[in-house]
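Heads up: the protein sequence lines correspond to chains Y and G, in order. Counted from 1, the first sequence has number 70 at position 70 by the working numbering; the numbering is strictly sequential. Each number in the working numbering corresponds to the 1-based position in the second sequence with 117 added. Before any comments, here is the structure.
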Amino acid sequence: GAVVSQHPSWVICKSGTSVKIECRSLDFQATTMFWYRQFPKQSLMLMATSNEGSKATYEQGVEKDKFLINHASLTLSTLTVTSAHPEDSSFYICSARELRWDTGELFFGEGSRLTVL
Amino acid sequence: GQNIDQPTEMTATEGAIVQINCTYQTSGFNGLFWYQQHAGEAPTFLSYNVLDGLEEKGRFSSFLSRSKGYSYLLLKELQMKDSASYLCAVRDSDYKLSFGAGTTVTVRA
Chain Y
1 GAVVSQHPSW VICKSGTSVK IECRSLDFQA TTMFWYRQFP KQSLMLMATS NEGSKATYEQ
61 GVEKDKFLIN HASLTLSTLT VTSAHPEDSS FYICSARELR WDTGELFFGE GSRLTVL
Chain G
118 GQNIDQPTEM TATEGAIVQI NCTYQTSGFN GLFWYQQHAG EAPTFLSYNV LDGLEEKGRF
178 SSFLSRSKGY SYLLLKELQM KDSASYLCAV RDSDYKLSFG AGTTVTVRA
């Protein structure tokens, strides 16, 4: 299957700082990537759809000014959590769709666990 | 939007069979996926259904009935490593994937 790499895997930061998470498609080009957030013992919630070369599309209730998404190339999307607060502590997962696969399944990155102190 | 329901927890014995049901209500159905997720890890793809019927893949099978808004994942010959959360996910016409809350399966010796 296709490979999606996410970095960093773990990050701990102080309240009020900003954190950037990178998502890369290693062996395919991804015009669209998706960012999910997962709180403990809950399912994945779609935050936004990242589109290469254009603005991201955010789901209802997700603050676009707080969660900045940039998709500058066909293999890289970044999520920046600005002015992070403890309630932003979560597991953030990116995914991408590999168009060569008929199923159109999503391939997920390893996830980034953010802890805000 | 999507409304996806699946049981919270299931427990079974090693070697047994487990069926995880998933019901959904959707606007613009474009496929149903099952993913496995171990604690602290990202989900991994298990199966995909877009047409009615049964898809078999080794010890795992998945069934879909679009008219009933119903799917199930069947796990056969359970192994200890199958203890995980199983996520039912529905894709819409924009290729956005919405996930159910997940079913935690515990396999006991």
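Glycine included, each C-beta is placed from N, C-alpha and C at the ideal position. Computed from a prediction, not measured in an experiment: that's the story for all the values here.
If we define contact as Cβ-Cβ less than 8 Å, is I69 of chain Y a contact residue for chain G? It does not; no Cβ of chain G falls within 8 Å.
Taking contact to mean at least 3 C-beta pairs separated by less than 8 Å, is the segment 200 to 214 of chain G in contact with the segment 140 to 151 of chain G? Enough Cβ pairs lie closer than 8 Å, so yes.
Decide if E87 of chain Y is buried, meaning its Cβ has at least 16 other Cβ atoms within 10 Å, or exposed. Exposed.
Are there three or more Cβ pairs, one per stretch, closer than 8 Å when the segment 105 to 114 of chain Y is compared with the segment 154 to 161 of chain G? Yes: the two stretches touch, three or more of their Cβ pairs being nearer than 8 Å.
What distance in whole Å lies between the Cβ atoms of N166 of chain G and S178 of chain G, which are believed to be in contact at a cut-off of 8 Å? With a contact defined as Cβ atoms closer than 8 Å, S178 of chain G and N166 of chain G miss out at about 10 Å.
Can you list, in chain order, the stretches of the beta strand (DSSP E) that have 3 or more residues and sit fully within the segment 157 to 182 of chain G? Taking only runs of at least 3 residues, the beta strand (DSSP E) segments lying wholly in the segment 157 to 182 of chain G are 161 to 166, 170 to 174, 177 to 182.
Three or more C-beta pairs closer than 8 Å, one from the segment 9 to 28 of chain Y and one from the segment 53 to 63 of chain Y: is that the case here? Because the criterion of three Cβ pairs below 8 Å is not met, the segment 9 to 28 of chain Y and the segment 53 to 63 of chain Y do not touch.
What residue does the beta strand (DSSP E) around I93 of chain Y start on, and which one ends it? Here the beta strand (DSSP E) through I93 of chain Y covers 90 to 97.
Per-residue DSSP class, three states only, for D27 of chain Y: It is coil, neither helix nor strand.
May I ask you to list the residues that DSSP assigns as paired with T221 of chain G? Answer by DSSP bridge pairing, in chain order: G:E126, G:S202.
Interface residues of chain G around Q29 of chain Y at Cβ under 7 Å? For Q29 of chain Y, there are no neighbours in chain G by C-beta distance under 7 Å, as the nearest C-beta there is about 16 Å away.
Using a beta-carbon distance cut-off of less than 7 Å, what residues from the segment 63 to 97 of chain Y approach chain G? Along the segment 63 to 97 of chain Y, the positions whose C-beta sits under 7 Å from a C-beta of chain G are I93, R97, read in chain order.
Do you know whose CA, among G:T130, G:S188, G:K198, G:Q153, lies nearest G219 of chain G's CA? Comparing Cα positions, the closest option is G:Q153.
Could you tell me how far apart the beta carbons of L233 of chain G and S43 of chain Y are, in whole angstroms, since I believe they sit closer than 8 Å? The requested residue 233 of chain G does not occur in the structure, where chain G is confined to residues 118 to 226.
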